[in-house]
Structure formats: structure tokens, C-alpha cells
Amino acid sequence: MEKGDITLVVFPFTDLSSEKRRPALVVGASEEHVVVAFITTRSTGPLQWHASLSSSDESGLMSHSTVRCDKILSIDTKLISGAIGAASPATVKKVDAKLRRLLKL
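Each residue of the sequence shown is one higher than the last, beginning at 5 in my numbering.
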């Protein structure tokens, strides 16, 4: 997995009551872990942390979606099955900028 890849990940609900398999954008990776940001078709929550992601053959997404930079997860690489697509370099750059602001880096 590389930064910018889009993959499917099992995300827990915020209240930990359940989980759901959904697309995620790889925002960082090491040999053992991948850090991903949640992708959704519903724009809820603080819009300042959203980055637009269009559907395309490259992204592997069927609908226009939103990267939720405020919903990130570190996951073992063994739990990632592979990329379904990739975000454009411009989208990755926007997500990076939002993560830097959110995490105060």
C-alpha cells in the first residue's frame, strides 16, 4: 500500500457498537501499519476537514465521495486486501494540508 491508494477497510462506528467495511484513503504507510482516512458519500460533520473525491476509473469509486480527514485509523497491513484505486495527486495534496492543520503539524 502506498500513500494515495484507495482500499477497503473495516471501520468501527464512533460509539464502537458495530463496524462497517468502507473505502479509505491511505495517508501514510510503514512496513507493518497503514494510516487511512474514512471515505463516505455523505457529507456530515465539520466540513473544514472534508476533501472532495470524484468517482472515476482511477479512484475505483462508484459515486462522488468525501475524504473525512477527521476520521483516521491505523491498521495492520495484514488486514488490508489491496488497492481498489488511487486518488489524484491534487486530492492527496489537499488531504495532506487538512491533516497538517487538524493535527497541528
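Where is the CB? At the ideal position from N, CA and C, for every residue including glycine.
Contact test: residue i Cβ vs the ligand ADP heavy atom, cutoff 7 Å
{"i": "P27", "result": "Looking at this structure, you won't find the ligand ADP or any other ligand, since it has none at all."}
Endpoints, alpha helix (DSSP H) assigned at residue i
{"i": "P93", "result": "P93 to L107"}
Proximity to residue i [Cα-Cα], best of the options
{"i": "F15", "options": "S58, R72 and L51", "result": "R72"}
{"i": "R104", "options": "I76, T70 and D9", "result": "I76"}
{"i": "D9", "options": "K108, F42, T48 and L107", "result": "F42"}
{"i": "K82", "options": "R46, A33, K102 and L107", "result": "A33"}
Outcome for residue i when other beta-carbon atoms lying within 10 angstroms are tallied against a minimum of 16
{"i": "S85", "result": "exposed"}
{"i": "D61", "result": "exposed"}
{"i": "A90", "result": "buried"}
{"i": "P93", "result": "exposed"}
{"i": "S69", "result": "buried"}
{"i": "L20", "result": "exposed"}
Residue interval of the beta strand (DSSP E) (run including residue i)
{"i": "H37", "result": "H37 to T44"}
Where residue i sits in the DSSP three-state scheme
{"i": "K24", "result": "strand"}
{"i": "T11", "result": "strand"}
{"i": "L51", "result": "helix"}
{"i": "L83", "result": "helix"}
{"i": "S56", "result": "strand"}
{"i": "E65", "result": "Rather than Glu, the amino acid found at residue 65 in this sequence is Leu. Coil."}
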